[in-house]
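Working notes, beginning with the structure itself.
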Ligand code: SF4
């Protein structure tokens, strides 16, 4: 009879218990199974039914307080279709873009400075009492201040375009409800150069970290996978709008320039009993091999170029590390994310200098339709919103595939890989080992229940059971 | 003299209230001078290290684990503040209260247009905490001392309330910032 031990790694907080990891060991302490469970369920798809469609872009933001703008805009894009609008006025589209780049900027800053910098600055095994943003503030006050001020800049842009920093109301079906005044614009222009400068600095930290530790982090939680993102018609990275492109781990195109309103022909979601998060995969390849990654790493891998000069130069450096082939190194997410940070501030600069933002033509009207799909590249990856609306203006169907859901299988693969490489054969569990698993998950900047992960380190409870269920060892990471 | 401790938790919420706490911006650096953070997602402390002066709760109770966490907070915090509408009345997550839970699960895992589920699985593993029949506001589970309404309450209100409580002074807000949505 074979014996099995079970290790439970339970993030009890970092947003009180929305995710946990379980690992099964065989009699030789080798990992036979490792799973990342999402333990919260909210049921948006059902309870949104019956609500009036114009409420949706405001309501669905409550999925996530960290990237509410992404949900706001994906829903607004779907509602544009419902009200029969295929093209917004230049002012409306550019205001939405500015809102989106502000969001991208603040979210990437939050992840890099507040969340992952303690791992990079202090090491995966550092004392957990200092391995947090407060530890960073004490040891590297300048860096902490930069993080705070950069996040504030992004949040202020959101407020100026959406009316409110969290859960704004700017985008409405068919357009936007305000423009940007000269006075508002000038406030942002004043601090712009400082933000560009600090973004360059953050990119440098991420790049140097990756290059200097390349041999160590290359295998860390890494594996080959497909990649998916939106792409502009000419192949440029576009975080606000585009068509779908998917590539293999070696760069062959699986599909390209697919109109996203046809997403159901290409993507389906599997269900597993042990997680509330579904498991999307590319239909034509199937559940075994069809899963893919989204987010900064996937976006850099899928695009042909970036249309802002400094980010494009950074992309070339990034691609040189893997000789122009897609980069499949999990920890390279951080570097990719900081390239996008710089890209976002370059885009913000472009937009602030665009007179269209002071335009007064804000909303377009069209002929009512019954169905709308809206996609956007959210900070964590491609975000899908799909609605059907009846003749009484009520939503009758809502389908949401959030960014983190696409990365479900990849996060599970990263957990399995780290467990196999670092926990197999180990009789004792240390706090540092637990953090290794978190570091791999954290690279994806997951937004569990589209928000659960937020800040700080995950608290973990690990219990080692014998084959009869008796507790051999228990460690609570505090 | 030891600094007072504060703790924070997110239950069934969207984390927007925690984001609003971060929106006090530079004053975060001031805050960590006047208080010590205990158990909170913004640091690395997962278990209470002692009794706290103030606990901030975001989100209502949607599953059994939320209830345990909330009860634990009540035991460890002298003053418990419900931050935001989810904690106060359930807010958007409570929209599911009028709908049988089974319908919500069926929609997400069986009926959705992109679902591929030939075995008709509904997540039910023992690793997943049990969902409650409905979403409960925090005050139906434990005693709540103060409530800060808003979705989320704006950062200024959170800051003013914390300063007032830590200094044992009444909260005196200018009329213009008292607006909720
Ligand atoms: S009150 Fe609003 S901002 Fe706060 S957790 Fe609930 S939905 Fe999010």
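Protein chains in written order, with our numbering: chain E, 1 to 478; chain L, 1001 to 1181. Think of the CB as a built atom: it goes at the ideal place given N, C-alpha and C, for glycine as much as any other residue.
With 16 other Cβ atoms within 10 Å as the buried cut-off, status of residue 1165 of chain L
buried
For residue 1112 of chain L, decide whether its Cβ has a neighbour in chain E, counting only Cβ atoms nearer than 8 Å.
yes
Relative to chain E, which residues along the segment 1098-1122 of chain L have a C-beta separation below 9 Å, given in chain order?
1098, 1099, 1101, 1103, 1104, 1105, 1106, 1107, 1108, 1109, 1110, 1111, 1112, 1113, 1114, 1115, 1116, 1117, 1119, 1120, 1121, 1122
Tell me residue 1131 of chain L's beta-bridge partners as DSSP assigns them.
L:1063
Under a CB-based cut-off of 8 Å, is residue 399 of chain E close to chain L?
yes
Output yes if chain E places a C-beta closer than 8 Å to the C-beta of residue 1137 of chain L; else output no.
no
Chain E residues whose Cβ lies nearer than 7 Å to that of residue 1185 of chain L
This structure gives no information on residue 1185 of chain L, because the portion of chain L shown stretches from 1001 to 1181.
Counting along the chain, where does the alpha helix (DSSP H) carrying residue 349 of chain E start and finish?
DSSP places residue 349 of chain E inside the alpha helix (DSSP H), whose first and last residues are 333-352.
Whole-angstrom distance between residue 1075 of chain L and residue 32 of chain E, CA atom to CA atom
40 Å
Using a beta-carbon distance below 8 Å, is residue 1087 of chain L in contact with chain E?
no
With 16 other CB atoms within 10 Å as the buried threshold, where does residue 1131 of chain L fall?
buried
Any beta carbon of chain L sitting closer than 8 Å to that of residue 37 of chain E?
With 8 Å as the cut-off, residue 37 of chain E counts as an interface residue toward chain L.
Check the Cβ-Cβ distances between residue 1134 of chain L and every residue of chain E, and say whether any is below 8 Å.
no
8 Å Cβ cutoff met for residue 329 of chain E and residue 205 of chain E:
no
Relative to chain L, which residues along the segment 270-300 of chain E have a C-beta separation below 7 Å, given in chain order?
270, 271, 272, 273, 274, 275, 276
For residue 305 of chain E, count neighbouring C-beta atoms within 10 Å of its own C-beta (all shown protein chains included) and say buried if the count is 16 or more, exposed if not.
exposed
Distance, residue 341 of chain E Cα to residue 378 of chain E Cα
13 Å
Cβ-Cβ distance between residue 221 of chain E and residue 440 of chain E below 8 Å
Between residue 221 of chain E and residue 440 of chain E, the gap from beta carbon to beta carbon is short of 8 Å.
Would you be able to state if there are at least three C-beta pairs under 8 Å between the segment 48-66 of chain E and the segment 143-161 of chain E?
no
Excluding the 5 residues preceding and the 5 following residue 166 of chain E in the sequence, name in chain order all residues of the same chain whose CB lies nearer than 7 Å to its CB.
65, 68
Taking only heavy atoms of the ligand SF4 into account, decide whether any of them is closer than 7 Å to the Cβ of residue 1058 of chain L.
yes
Indicate whether at least one CB of chain L lies closer than 8 Å to the CB of residue 258 of chain E.
no
Is residue 221 of chain E near the ligand SF4, judged by its Cβ being under 7 Å from some heavy atom?
no
From residue 1102 of chain L to residue 271 of chain E, what distance separates their C-alpha atoms?
16 Å
8 Å Cβ shell around residue 455 of chain E - same chain, five flanking residues per side excluded:
With a pLDDT of only 30 at residue 455 of chain E, under the threshold of 50, the placement of this residue in the model should not be trusted, and no figure is reported.
Less than 8 Å between the CB atoms is what I'm expecting for residue 366 of chain E and residue 56 of chain E, so what's the real figure, rounded?
At roughly 17 Å, the Cβ-Cβ gap does not stay under 8 Å, so residue 366 of chain E and residue 56 of chain E are not in contact.
Using 8 Å as the threshold, is the segment 1084-1092 of chain L in touch with the segment 1145-1164 of chain L, meaning 3 or more CB pairs across them?
yes
Using a Cβ-Cβ distance cut-off of 8 Å, determine whether residue 137 of chain E contacts chain L.
At least one CB of chain L lies nearer than 8 Å to the CB of residue 137 of chain E.
Could you check whether residue 301 of chain E and residue 280 of chain E sit closer than 8 Å to each other, using their CB atoms as the reference points?
no
Quick one: grab the DSSP three-state call for residue 453 of chain E.
Model confidence at residue 453 of chain E stands at a pLDDT of 28, short of 50, so the residue's coordinates are unreliable; what they give is reported in the following sentence. Coil at residue 453 of chain E, not helix or strand.
Who are residue 1147 of chain L's beta bridge partners in DSSP?
Answer is L:1082.
What do you get for residue 457 of chain E, buried or exposed, if any count of 16 or more other CB atoms within 10 angstroms of its CB means buried?
Its pLDDT being 31, under 50, residue 457 of chain E is placed unreliably by the model, and nothing is read from it.
Contact check, residue 383 of chain E vs residue 70 of chain E, beta carbons under 8 Å
Cβ atoms of residue 383 of chain E and residue 70 of chain E: closer than 8 Å.
Report the residues of the segment 1058-1077 of chain L with a CB closer than 8 Å to any CB of chain E, ordered along the chain.
1062, 1063, 1065, 1066, 1069
Going by beta-carbon coordinates alone, are residue 1047 of chain L and residue 1007 of chain L separated by less than 8 Å?
no
For a test of your reading of the model: does the CB of residue 1218 of chain L fall under 7 Å from any non-hydrogen atom of the ligand SF4? Yes or no.
Chain L is shown only over 1001 to 1181; residue 1218 of chain L falls outside these bounds and no answer can be derived.
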